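K.L.:
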Ligand code: ADP
């Protein structure tokens, strides 16, 4: 066994896992019986594991277990008791930070310094929503009929969450925390390529008091295990984070069962840089927006809109910055950008770059520091039209497409000239202009002189091909609950009779 595989196995053991991906259903680690899935280390290209798809059989067991556990969690425990369990989860996540970060770094190929931050964020998500557990209440509505009318927020029941490979643990925490805080049970299916940290999170959570079966993790494939969970009668809502193409399939499958869905999909977000911006600051922001996480982020600033008067200067600054970024082994503390997370994505990114080149765009890139692994060096595509694939399609790699504008109206039109509506930013010293642009650009999240700041307390989501519904903040509390309206005859009802139904 290689030293790397040994490191991975030891990290898995220290969070209570066996050295292979197994589903976690009703408190038990279980092997699937479906087709074989292979996990490849994106840095060393070594095969890490083969395991079997959870299939419909484990999906059905998971949904049944979630259904039984939900009523205990919601009805037998007080809100405060649920909050204490979530605080304990936050604590155990922090205590196991290094092991969780190590697993994520090896399996997802993400720099360990980023993984440590994401683990801490998951603890923060649990602690934030722990505080909401005993604060979910409704309203009293002054109806005109003389009734006492009040509302309650009730949990949806069992929710099914599907998450992608780019930030597996972070996304699991982002979705599980608000779901359980509001009294739901969860079945979650992480990407088949990066399932292990989600299992670790839930196993650790159960070791500190999360009831058995309240959260179940399926290690496996979408069309088999995923589809079976969508169809299971206990599941009342589907939350999907991933690509627009798969989101469409998932939302259609949920709709066929008359189940609502929340979709958190991709983007092609505009990062607008004005000539009056602090260029050094804006350039650092633009690099972080697209190169961190090797660009594998739904909010990546992948469309760089630069005022024509500063284009040459800014692209020069950007090229210098690109040359200083440290690419390398995700386990190395100093690595800033790791490989692309899997071979399929690597092929997609490299194909998008060669297509842009074939279509006449000029490509600025830098040498990779290593000849192994699925590395794509930071790259700028210049000279493509706004309608070209490089400027319209999500590349999901460290590749930014630069376009220029002259007027504010042109910047806004370019920013909105995609089928997405997820995020965007403007860099300018003019406060009025910054707010005008924030108002005019179609985006669920918009930054002024900043990029990529998100927090569990603030809502997140998109429109059009970026999806619908919101995660995080108080908006997630609404997504994971339903209002019930209760009417009480107080005896003072003047005229119950007609006109109210
Ligand atoms: P990618 O193709 O890059 O993995 P996807 O958006 O397809 O991104 O994957 C996101 C998640 O959706 C993963 O967990 C994947 O297993 C899941 N998935 C893929 N196809 C389906 C499907 N037909 N039904 C349910 N989930 C699916």
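In the working numbering, the protein residues as written are 36 to 536.
The beta carbon of each residue, even a glycine, is placed where N, CA and C say it ideally should be.
Given the structure is predicted, the values throughout are model-derived calculations rather than measurements.
Mark residue 176 as exposed unless 16 or more other C-beta atoms lie within 10 angstroms of its C-beta, in which case mark it buried.
P.N.:
Classification for residue 176: exposed.
K.L.:
Under 8 Å, with one C-beta from each stretch per pair, do the region 70 to 84 and the region 164 to 183 reach the 3-pair mark?
P.N.:
The region 70 to 84 is not in contact with the region 164 to 183.
K.L.:
Rounding to the nearest angstrom, what Cα-Cα distance links residue 107 and residue 150 in this structure?
P.N.:
C-alpha separation (whole angstroms): 34 Å.
K.L.:
For the alpha helix (DSSP H) that residue 209 lies in, which residues bound it at each end?
P.N.:
Residues 203 to 216.
K.L.:
Could you pull the start and end residues of the alpha helix (DSSP H) that residue 120 belongs to?
P.N.:
Looking at the DSSP string, the run of the alpha helix (DSSP H) that includes residue 120 is 114 to 130.
K.L.:
Relative to the alpha-carbon of residue 140, which residue among 465, 230, 213, 127 has its alpha-carbon at the smallest distance?
P.N.:
Looking at the Cα atoms, 230 is the closest of the given residues.
K.L.:
Can the beta-carbon of residue 469 be found closer than 7 Å to that of residue 461?
P.N.:
The answer is yes: Cβ separation under 7 Å.
K.L.:
Please report the distance separating the alpha-carbon of residue 294 from that of residue 270.
P.N.:
Whole-angstrom Cα-Cα distance: 8 Å.
K.L.:
Using a threshold of 6 Å, is the CB atom of residue 175 nearer than that to any non-hydrogen atom of the ligand ADP?
P.N.:
No, the beta carbon of residue 175 sits no closer than 6 Å to any heavy atom of the ligand ADP.
K.L.:
Starting from the C-beta of residue 187, find all residues in its chain whose C-beta is less than 8 Å away, skip the five residues before and the five after it, and write them out in chain order.
P.N.:
Closer than 8 Å at the Cβ level, and outside the excluded window around residue 187, lie 172, 173, 518, 519, 521.
K.L.:
Tell me whether residue 85 is buried or exposed, calling it buried when 16 or more other Cβ atoms sit within 10 Å of its Cβ.
P.N.:
Residue 85 is exposed by the Cβ-count criterion.
K.L.:
Using the Cα positions of residue 209 and residue 379, report the straight-line distance between them to the nearest angstrom.
P.N.:
Answer to the nearest angstrom: the Cα atoms are 25 Å apart.
K.L.:
Just to check, is the beta-carbon of residue 71 closer than 6 Å to a non-hydrogen atom of the ligand ADP?
P.N.:
Incorrect: residue 71 has no Cβ contact closer than 6 Å to the ligand ADP.
K.L.:
Keeping to the same chain, check which residues put their C-beta closer than 7 Å to that of residue 77; ignore five residues upstream and five downstream.
P.N.:
Here the set comprises 144, 374, 375, 376, 377, 408, 409.
K.L.:
Between the region 332 to 342 and the region 39 to 52, are three or more C-beta pairs nearer than 8 Å?
P.N.:
Short answer: they don't touch.
K.L.:
Kindly list the residues whose CB is nearer than 7 Å to the CB of residue 259, restricted to its own chain and excluding five residues on each side of it in sequence; keep chain order.
P.N.:
Taken in chain order, the residues that qualify are 69, 88, 90, 91.
K.L.:
Excluding the 5 residues preceding and the 5 following residue 501 in the sequence, name in chain order all residues of the same chain whose CB lies nearer than 6 Å to its CB.
P.N.:
Counting only Cβ-Cβ distances below 6 Å, and skipping sequence neighbours, we find 300, 302, 455, 456, 457.
K.L.:
Which of helix, strand or coil does DSSP assign to residue 490?
P.N.:
Coil.
K.L.:
Give the range of the alpha helix (DSSP H) segment to which residue 379 is assigned.
P.N.:
First-last of the alpha helix (DSSP H) with residue 379: 378 to 393.
K.L.:
What's the gap between the Cα of residue 290 and the Cα of residue 283?
P.N.:
Straight-line Cα distance between these residues: approximately 10 Å.
K.L.:
Can you check which of these residues, 405, 511, 136, 524, is closest to residue 274 by C-alpha distance?
P.N.:
Nearest C-alpha to residue 274: 511.
K.L.:
Would you kindly check if the distance between the Cβ of residue 280 and the Cβ of residue 256 is under 7 Å?
P.N.:
Cβ distance not < 7 Å, so residue 256 and residue 280 don't count as in contact.
K.L.:
Just tell me which of 336, 403, 67 has its CA closest to the CA of residue 370.
P.N.:
Minimum Cα distance to residue 370 is reached at 403.
K.L.:
From the DSSP output, in three-state form, read off residue 263 for me.
P.N.:
Note: residue 263 maps to helix in three-state DSSP.
K.L.:
Quick one: give me the first and last residue of the beta strand (DSSP E) that residue 306 is part of.
P.N.:
Start and end: 305 to 308.
K.L.:
Straight-line CA distance for residue 167 to residue 217?
P.N.:
Approximately 8 Å, taken between the alpha carbons.
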